[in-house]
Amino acid sequence: MAKRTFSTLETFLIFLLIMMTAITVALLSLLFITSGTIENPKGFPSTESSQATLSPTATQGSTLTQGPTATQVSPVTTTPEPPLFQNFSGYHIGVGRADCTGQVADINMMGYGKSGQNARGLLTRLYSRAFIMAEPDGSNRMAFVSIDIGMVSQRLRLEVLNRLKSKYGSLYRRDNVILSGTHTHSGPAGYFQYTVFVIASEGFSNRTFEYMVTGIVKSIEIAHTNMKPGKIFMNKGIVDGTQINRSPYSYLQNPLAERLRYSSNTDKEMLVLKMVDLNGDDLGLISWFAIHPVNMNNSNHLVNSDNMGYASYLFEQEKNKGHLPGQGPFVAAFASSNLGDVSPNILGPYCVNTGESCDNANSSCPIGGSSMCMSRGPGQDMLDSTQIIGRILYQRAAALYALASQELTGPLTSAHQWVNMTDVTVSLNSTHTAKTCKPALGYSFAAGTIDGAGAFNFTQGTTVSDPFWDTLRDQLLGRPSDEIKECHKPKPVLIHTGELSKPHPWHPDIVDVQIITLGSLAIAAIPGELTTMSGRRFREAIKAEFATYGMRNMTVVISGLCNVYTHYIATYEEYQDTVANLSRGPEPPFFKELIKPLIPNIVDRAPIGKNFGDVLQPLNSKYRVGEVAEVTFVGANPKNSAENRTHQTFLTVEKYEDASATWQVVHNDASWETRFYWHKGLLGHSNATIQWHIPDTAKPGIYRIRYFGHNRKQDFLKPAVILSFESTSSDFEVVTT
60 MAKRTFSTLE TFLIFLLIMM TAITVALLSL LFITSGTIEN PKGFPSTESS QATLSPTATQ
120 GSTLTQGPTA TQVSPVTTTP EPPLFQNFSG YHIGVGRADC TGQVADINMM GYGKSGQNAR
180 GLLTRLYSRA FIMAEPDGSN RMAFVSIDIG MVSQRLRLEV LNRLKSKYGS LYRRDNVILS
240 GTHTHSGPAG YFQYTVFVIA SEGFSNRTFE YMVTGIVKSI EIAHTNMKPG KIFMNKGIVD
300 GTQINRSPYS YLQNPLAERL RYSSNTDKEM LVLKMVDLNG DDLGLISWFA IHPVNMNNSN
360 HLVNSDNMGY ASYLFEQEKN KGHLPGQGPF VAAFASSNLG DVSPNILGPY CVNTGESCDN
420 ANSSCPIGGS SMCMSRGPGQ DMLDSTQIIG RILYQRAAAL YALASQELTG PLTSAHQWVN
480 MTDVTVSLNS THTAKTCKPA LGYSFAAGTI DGAGAFNFTQ GTTVSDPFWD TLRDQLLGRP
540 SDEIKECHKP KPVLIHTGEL SKPHPWHPDI VDVQIITLGS LAIAAIPGEL TTMSGRRFRE
600 AIKAEFATYG MRNMTVVISG LCNVYTHYIA TYEEYQDTVA NLSRGPEPPF FKELIKPLIP
660 NIVDRAPIGK NFGDVLQPLN SKYRVGEVAE VTFVGANPKN SAENRTHQTF LTVEKYEDAS
720 ATWQVVHNDA SWETRFYWHK GLLGHSNATI QWHIPDTAKP GIYRIRYFGH NRKQDFLKPA
780 VILSFESTSS DFEVVTT
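Going by the numbering used here, the first residue of the sequence shown is number 60, and it counts up by one from there.
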């Protein structure tokens, strides 16, 4: 085949198309799990020099690190530790929840890697939910944080640890703090430092990054302040009707004998932790379950927490009677697990152009290829499907929570190590070893999944490269080395990200390896998306390692999307089984200058004769339950509110109470009954539309809707300022018939 050449313009345009649409979260990292040991890669002690183990007699909760965890930190101003009550059986427990939404406009959404899928409003707030557990004497503790974001970036974790160290000294460290993303694909992007993710995010947004960091730290601070003696109970149970395996043909490549050990090609077990105080009063819940939060598909433009977030919403609303969403003392986290090949769109894949099934090895349609193959949820639309799946998760968790009786007791331990995963040698058996290598994205990753197709008609399961794309890549990015191509076989390399370093490295080399034990429960923090079978093998490997030290009744739960992101994990890394005396490992970098957002900040403008917040489309005077009350205001860019946080919500729905002659807030923008849409116009003009989907539970009476915003203003030769404003609709009546 003749080698095709491209003009400069063609090359530039195609490069942009590739980068903005093809970069998705689908890298198959070479992470090996075997029964062997890590063979002394650079910076690690030999196995002979690291003898401390997970045995019950080992030093419990020993600090594994010394010195800074991220960037240069400010002088430590340690917050005084409140005295803890010690004479009880159980743990000190603290729970906390804080807003971490970030931008809800003019930013790409993280997860599908679809160009043009920018946020244009808000369906629900995103939250960071923190849980702190400490031994009765307060000597050892852990913090588990579940966050309504796509995944935790390395930059996010390093900055959170940095700020925790500044406030608490060595109390919260890299070994005893787990940050886990729920993996919603409907949150903002822009909080990464590695180039491949910065490109997918269309730039780094310090505005969103700071908002997320602040929210995560605040949730931990609240949990720290609220610690009290309590007990933790565990329960497990099967959840039906929520999942399918979205890569069934890949699952079938696993050995038949292994597959026959399981009744399903997805993990259906949910694990629940119930936290109560010594009086038995509810404090919080953590649920782990393997499911992708992708009922909201890649046509969605409203920031939200998807099915897992809806389950949290329902549980918290049930326990926090009388409180608005996002408020109240009880905290319920639905955390991610080994969800890599698990979809909530249970009606399966079909060709959107013909209606026929595309449940085949390549997830491809006869007409239109893989881009036409999409999966369907059980509802009438994606929001309905989100709520159906989320409600099932909530109901099953509530039942398990109510019946939880197995109390967790015993020591709390934690272990962490940074590992350069590009150069680890693993013993497969007595005669053979294998070696990890630098990361690379293959052709199949560009195809996406049945929950969100990629572009350019790439197909899943591709094992042969294409001369056109290879030539284009070579001209733009250079040729991948023979070493990386050989290492990644049979996957053909599309983009050799591990060998690209401009303006910063494209993918992380150094990843977190972390595990925390809470009595008989082990929480393995995984920096990616384990598939169903890889998760099963991973749990078995950890349980077997515990058993060699006499700990035969350990329950192992996988917590996914933790600490740094390494894409999908379909093969395995070696698990380091020692707790004390681990080396730090090579510390990951924290880059100073990153690519600026591609969408610039501009001044907001109101139409001539209008002010921000003026009503453009008024409400009707009367609505029935089940109808939608909708009002449109002169708006301003919602991303301004991620800088100036004068208002904590974009909207409220308020009811007039005759007895007190006051307006009472009944809904805010964290309510699933409300919608906040932002419509971007030209030259800084925009509108904001607020909808209230009036539920059957709404009481008859007089209501109003309020809008809270911020506008960017800049006078000639003066710096820009962000000003707050608010507005109120006309009153309207809600009737039940």
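Just so you know, even glycine gets a beta-carbon here, dropped at the ideal spot from N, CA and C.
query, result
"Taking the DSSP output, what are the residues bridged to N304?", "V401"
"Please classify A718 as buried or exposed, where buried requires at least 16 neighbouring CB atoms within 10 angstroms.", "exposed"
"Going by other Cβ atoms of all chains shown within 10 Å of its Cβ, with 16 needed for buried, is L311 buried or exposed?", "exposed"
"Measure the beta-carbon distance from I191 to R200 and round it to whole angstroms, keeping in mind my assumption that it falls under 8 Å.", "6 Å"
"Going by DSSP in three states, D365 sits in which element: helix, strand or coil?", "helix"
"For D440, tell me which candidate among G339, P551, A463 and N404 has the shortest Cα-Cα distance.", "N404"
"For G262 versus G249, is the C-beta distance shorter than 8 Å?", "yes"
"In terms of DSSP beta bridges, what is N727 paired with?", "T711"
"Roughly how many whole angstroms lie between the Cα atoms of D234 and V478?", "13 Å"
"Evaluate T796 with the Cβ neighbour count: other Cβ atoms within 10 Å of its Cβ, from every protein chain shown; 16 or more gives buried, anything less gives exposed.", "exposed"
"Check whether the Cβ atoms of V335 and L344 sit closer than 8 Å, and answer yes or no.", "no"
"Less than 8 Å separating the beta-carbons of H769 and N703?", "yes"
"In chain order, which beta strand (DSSP E) runs of at least 3 residues are fully inside the region 563-648?", "569-577, 580-584 and 614-618"
"Is S198 buried or exposed, if buried means 16 or more other CB atoms sit within 10 Å of its CB?", "exposed"
"Considering only residues of the same chain and omitting the five flanking positions on each side of P100, which have a CB-CB separation below 6 Å?", "The predicted position of P100 is uncertain, since its pLDDT is 29 and thus under 50; a value taken from the coordinates is nonetheless stated next. Cβ neighbours of P100 beyond the five flanking positions: D482 and V483."
"Does the contact criterion of 3 or more C-beta pairs under 8 Å hold for the region 212-219 versus the region 488-502?", "no"
"Excluding the 5 residues preceding and the 5 following F374 in the sequence, name in chain order all residues of the same chain whose CB lies nearer than 6 Å to its CB.", "A391 and Y453"
"To which residues of the same chain is A665 closer than 6 Å at the C-beta, ignoring the five residues directly before and after it?", "F671 and V693"
"Using 8 Å for Cβ pairs, my map puts I764 next to V690. What's the rounded Cβ distance?", "5 Å"
"Whose C-beta lies closer than 6 Å to the C-beta of Y715 among residues of the same chain, with five residues either side of it excluded?", "W722 and I761"
"Closest by CA to S560, which one among Q252, V211, S225 and S783?", "Q252"
"Find the nearest neighbour of F292 within the set E588, L330 and V276, judged by alpha-carbon distance.", "L330"
"Tell me whether L89 sits in a helix, a strand or coil according to DSSP, three-state version.", "Reliability of the predicted coordinates at L89 is poor, the pLDDT of 26 falling under 50, and no value is obtained from them."
"Pick out whichever of G743, Q519 and L337 has its Cα sitting closest to the Cα of I667.", "G743"
"What separation, rounded to the nearest whole angstrom, lies between the Cα atoms of K8 and K772?", "Lying outside 60 to 796, the shown extent of the chain, residue 8 is not represented and no answer is given."
"Can the beta-carbon of S245 be found less than 8 Å from the beta-carbon of N359?", "yes"
"Can you grab the Cα-Cα spacing for the pair V204 / I781, in whole Å?", "32 Å"
"Out of curiosity, what's the CA-to-CA distance linking D20 and Y270?", "Limits of the chain in this structure are 60 at one end and 796 at the other, which puts residue 20 out of reach."
"Helix or strand or just coil, what does DSSP make of Y460?", "helix"
"Does the separation of the CB atoms of T325 and T591 fall below 8 Å?", "yes"
"Evaluate D568 with the Cβ neighbour count: other Cβ atoms within 10 Å of its Cβ, from every protein chain shown; 16 or more gives buried, anything less gives exposed.", "buried"
"Within 10 angstroms of the Cβ of A420, are there 16 or more other Cβ atoms? Answer buried if so, exposed if not.", "exposed"
"Cutting at 8 Å between CB atoms, please list the residues of its own chain near L238, excluding the five before and the five after it.", "V204, I206, V211, L215, R216, V219, I275, C621 and N622"
"On the three-pair Cβ rule with 8 Å, is the region 167-184 touching the region 607-627?", "no"
"Helix, strand or coil for I152? Go by DSSP, reduced to three states.", "strand"
"Short check: CB of P425 to CB of L406, under 8 Å?", "no"
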